[in-house]
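Protein chains in written order, with the working numbering: chain Y, 13 to 264; chain X, 4 to 312. Glycine included, every Cβ here is placed at the ideal spot set by N, Cα and C.
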Amino acid sequence: MKVLVPVKRVIDYNVKVRVKADGSGVDLANVKMSMNPFDEIAVEEAIRLKEAGVASEVIAVSIGVKQAQETLRTALAMGADRAILVIAADDVHQDIEPLAVAKILAKIVEEEQPGLVLAGKQAIDNDMNATGQMLSALLGWSQATFASDLKIEGDSAVVTREVDGGLQTIKVKMPTIVTVDLRLNEPRYASLPNIMKAKKKPLDEKTAADYGVDVTPRLQVVKTTEPEARQAGEMVPDVDTLVAKLKEKGVV
Amino acid sequence: MAVLLLGEVNDGALALDATAKTVSAAKALGDVTVLCAGASAAAAGEAAAKIDGVSKVLVAEDAALGHRLAESTAALIVSLAGDYDHIVAPATTDAKNVMPRVAALLDVMVISDASGVIDADTFERPIYAGNAVQTVKSSDAKKVITFRTSTFEAAGEQAAAPIETVGGAAVSGLSEWVEDKVAASDRPELTSAGIVVSGGRGVGSEEDFKIIEALADKLGAAVGASRAAVDSGYAPNDWQVGQTGKVVAPELYIAVGISGAIQHLAGMKDSKIIVAINKDEEAPIFQVADYGLVADLFTAVPELTEKLG
Ligand SMILES: Cc1cc2nc3c(=O)[nH]c(=O)nc-3n(C[C@H](O)[C@H](O)[C@H](O)COP(=O)(O)OP(=O)(O)OC[C@H]3O[C@@H](n4cnc5c(N)ncnc54)[C@H](O)[C@@H]3O)c2cc1C
Ligand SMILES: Nc1ncnc2c1ncn2[C@@H]1O[C@H](COP(=O)(O)O)[C@@H](O)[C@H]1O
């Protein structure tokens, strides 16, 4: 069984985001970019499935600007076997919407015939939480989102999901799409020898046009602004003062 | 213009707060029809009919719709979509599971976690963990939207609107429910509570999380947690507040032993009053707190619990 892992290049989660003064978006020039943290968890899970003999090959895919090559090299260094880069934009500020990403991924799924797609639950830049569900819809497959546990049992996957009320376990028919949540695993770091080896692993380059997918956004960004900043209040010296203040405000 | 709103139904009961907040958000867009779907949904439908601003309720009862499995629920919504310009839901985990699937089946984009309605095509939504707010205008024929409930007031009550039953849930056979692990609790629900007390890594253990819970119980509050506290097993996953957890905006939020990472702030910085208790005076949480107390939580929190009420 092949496993396909879509990985997105996003602003590093430690970087302080700056909104551009002209309201056109967030400044992404010269900031540290990394693999979306949820996608690291997906790559890790795919590699573990391969190590357990359940998966035969792990293919990482990224859609966006040419620089997403670096993200794919990271996936290869972690242990993915090969990678596909789909160039769909030339400006780092152009985000490809989940619907277009899902359409491109659907074409790749048709070509590669994976038994499982492991995606992140959410990209930490656009915070959409949509691509996996959309891909599943386009393919008419089952879906299991927000996974904190995954077991492959024959032609089914048993997935425990993190939901608002706690945990839900479902059994889905393969092929399927699983989107991963924070508690599924702890991703490994790539070792130096593996980083070297990754440079020799195959990385195919395609374009959105190769798949016949129009990536024109459906949502036009009218403007991007900073949220209202919250003012720091006061420090209180002790619990008694805190209690007095809260009573004064009438909240306790 | 007409709006189809997916009511939040759990085990046959309506989650009134989340649904009523979404009705408030959706009212500006047109006549609101609420869909209550589930293995049993009639009681939920009756509750939804009484939310002010609801003009009609559709009840779909079918075993295949139990547990809100995405494939059947999405198929049902798509079968009804023809009559509506907007298809909306609260941004709960259930709806986030279903609505992007609906959008893709309709070949439209989804607008996730909208926090504001500008006009019928234009919406605001937070991005980058709430570090930026984007205004987006949709060019799609139908808009599929989840609304961030913490930014809308719950709609009030009205005389019951008419209720119709609808059928025809597609039995997908693609997925089946196995089990739910839900901890029963007498505490208020996290996203609708007036007061939330949250603990972080500083609390140190599951055992010591009882200190946090005791303060919450004294205040009639819900309990929250940081990701670090959940990852470390001190608190269950559904207590996580933040960018990738729950978003809350209570009257009072008390953060204990939480440093204030941006991913945590994303889930609570719209709270009315924020209190932070942390032994590190440099902790970033103090930059958003209305009242900050530099103290060891193991002495400050029990003292606070004792002196309140
Ligand atoms: C993709 C992604 C998604 C994420 N999503 C979320 C999310 O949704 N929610 C979330 O919370 N985080 C999230 N995070 C994690 C976030 O970046 C932080 O790591 C996390 O919030 C830190 O939790 P914490 O403040 O409890 O722990 P720490 O940062 O370790 O802080 C512990 C604090 O406790 C204080 N402390 C220790 N002992 C005591 C004591 N005895 N008395 C008083 N104070 C004490 C310390 O001074 C410190 O400030 C996410 C991260 C990533 C990468
Ligand atoms: N441009 C992209 N390239 C590759 N994978 C993507 C891309 N956008 C989204 N994904 C995948 O979809 C997941 C959810 O993203 P989103 O729906 O944008 O929140 C991510 O964690 C990735 O696994």
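Proximal chain X residues relative to residue i, where beta-carbon distance stays under 9 angstroms
i         : result
GLU82(Y)  : Per Cβ cutoff of 9 angstroms: no residues; GLU82(Y) is ~20 angstroms from chain X at best.
GLN155(Y) : ALA73, GLU74, ASN100, ARG104, LEU177 and SER178
Residue range of the unbroken alpha helix (DSSP H) whose run includes residue i
i         : result
SER75(X)  : 73-83
ASN2(Y)   : In this structure chain Y extends from 13 to 264, so residue 2(Y) is not present and cannot be described.
PHE212(X) : 212-222
GLN2(Y)   : Not covered by the structure: residue 2(Y). The range shown for chain Y is 13 to 264.
LEU61(Y)  : 49-63
ARG230(X) : 230-234
PHE301(X) : 300-310
ALA46(X)  : 45-52
GLY144(Y) : 143-151
GLN243(X) : It is not in any alpha helix (DSSP H) - GLN243(X) carries neither H nor E in the DSSP assignment.
GLU124(Y) : 110-124
VAL255(Y) : 251-261
THR25(X)  : 19-30
ILE136(Y) : Premise fails: ILE136(Y) is in no alpha helix (DSSP H) and is neither H nor E.
Beta-carbon separation (whole angstroms), residue i vs residue j, contact threshold 8 angstroms
i         : j         : result
ALA52(X)  : ALA164(X) : 5 angstroms
ALA315(X) : ASP116(X) : The question about residue 315(X) has no answer here: the residues shown for chain X are numbered 4 through 312.
ILE265(X) : ALA135(X) : That pair is no contact at about 12 angstroms.
ARG158(X) : GLY56(X)  : As written in the sequence, residue 158(X) is Ala, which differs from the Arg given in the question. The pair is a contact, with the Cβ atoms about 5 angstroms apart (cut-off 8 angstroms).
SER68(Y)  : MET13(Y)  : 6 angstroms
ILE182(Y) : ALA156(Y) : 6 angstroms
Distance CB(residue i)-CB(residue j) smaller than 8 angstroms
i         : j         : result
VAL31(Y)  : THR236(Y) : yes
VAL120(X) : ALA252(X) : no
GLU74(X)  : SER154(Y) : yes
ASP86(X)  : ALA5(X)   : yes
VAL98(Y)  : ILE71(Y)  : no
GLY48(X)  : ILE166(X) : yes
GLN246(X) : ASP139(Y) : yes
LEU84(Y)  : LEU215(Y) : yes
ILE59(Y)  : MET90(Y)  : yes
VAL55(Y)  : ILE120(Y) : no
VAL169(X) : VAL147(X) : no
THR191(Y) : ALA159(Y) : yes
SER141(X) : LEU111(Y) : no
VAL139(X) : VAL234(Y) : yes
VAL250(X) : HIS267(X) : no
Element boundaries [beta strand (DSSP E), containing residue i]
i         : result
LYS99(X)  : Looking at the DSSP string, LYS99(X) is not in any beta strand (DSSP E); the run it does join, the alpha helix (DSSP H), is 96-108.
PHE126(X) : 125-130
GLY202(X) : 198-202
HIS89(X)  : 89-93
LYS183(Y) : 178-185
ILE288(X) : Segment: none, ILE288(X) is in no beta strand (DSSP E) and carries neither H nor E.
Residue of the options minimising C-alpha distance to residue i
i         : options                                       : result
ARG71(X)  : LYS59(X), ASP88(X) and ARG104(X)              : ARG104(X)
HIS89(X)  : GLY159(X), THR125(X) and ALA73(X)             : THR125(X)
GLY260(X) : VAL250(X), THR302(X) and THR247(X)            : THR302(X)
SER208(X) : SER235(X), LEU311(X), SER262(X) and LYS145(X) : SER235(X)
GLU309(X) : GLU285(X), TYR237(X), LYS275(X) and LEU222(X) : LEU222(X)
LEU21(Y)  : ALA54(Y), ASP39(Y), ASP103(Y) and ALA135(Y)   : First, the residue type needs correcting, since residue 21(Y) is Arg and not Leu in the sequence shown. With distances taken between Cα atoms, ARG21(Y) lies closest to ALA135(Y).
GLY263(X) : SER229(X), TRP242(X), ASP211(X) and THR168(X) : SER229(X)
LYS145(X) : THR154(X), ILE130(X), THR152(X) and ALA123(X) : ALA123(X)
GLU285(X) : VAL297(X), SER274(X) and LYS275(X)            : VAL297(X)
GLN304(X) : MET271(X), ASP211(X), ASP273(X) and ALA232(X) : Gln is not the amino acid found at residue 304(X); the sequence shown has Val there. Closest option to VAL304(X), Cα to Cα, is ASP211(X).
ASP299(X) : VAL26(X), GLY248(X), ILE214(X) and LEU268(X)  : ILE214(X)
ASN240(X) : GLY203(X), THR76(X) and SER178(X)             : GLY203(X)
LYS133(Y) : LYS185(Y), GLY152(Y) and THR143(Y)            : THR143(Y)
ALA258(X) : ALA232(X), GLY248(X) and ILE288(X)            : ILE288(X)
Interface residues of chain Y facing residue i [CB-CB closer than 8 angstroms]
i         : result
GLY41(X)  : Result: empty, since nearest Cβ-Cβ is about 14 angstroms, beyond 8 angstroms.
TYR237(X) : Ordered by position in chain Y, no residue passes the 8 angstroms Cβ test against TYR237(X), which lies about 13 angstroms from the chain.
VAL278(X) : LEU254 and LEU258
Amino acids of chain X, ordered along the chain, whose beta-carbon sits closer than 7 angstroms to that of residue i
i         : result
ARG242(Y) : LYS272 and VAL291
LEU150(Y) : ALA107
GLU246(Y) : TYR294
Contacts that residue i makes with chain Y (C-beta to C-beta distance below 9 angstroms)
i         : result
GLY183(X) : As written in the sequence, residue 183(X) is Asp, which differs from the Gly given in the question. Going along chain Y in sequence order, the residues near ASP183(X) (Cβ under 9 angstroms) are VAL175, GLY177, GLY178, LEU179, GLN180 and THR181.
THR152(X) : The contacting residues do not exist; THR152(X) stays about 11 angstroms from chain Y at best.
LYS140(X) : LEU231, GLN232, VAL233 and VAL234
Within chain Y, the residues that residue i reaches when beta carbons sit closer than 7 angstroms
i         : result
ASP143(X) : ARG230
GLY133(X) : PRO239
GLU306(X) : VAL251
GLU254(X) : VAL263
VAL111(X) : ARG230
Contact test: residue i Cβ vs ligand 3 heavy atom, cutoff 7 angstroms
i         : result
PRO110(Y) : The model on display carries ligand 1 and ligand 2 but not ligand 3.
Chain X contact residues for residue i, given Cβ-Cβ distances below 8 angstroms
i         : result
GLN134(Y) : THR247
VAL38(Y)  : ILE130, TYR131, ASN134 and ALA135
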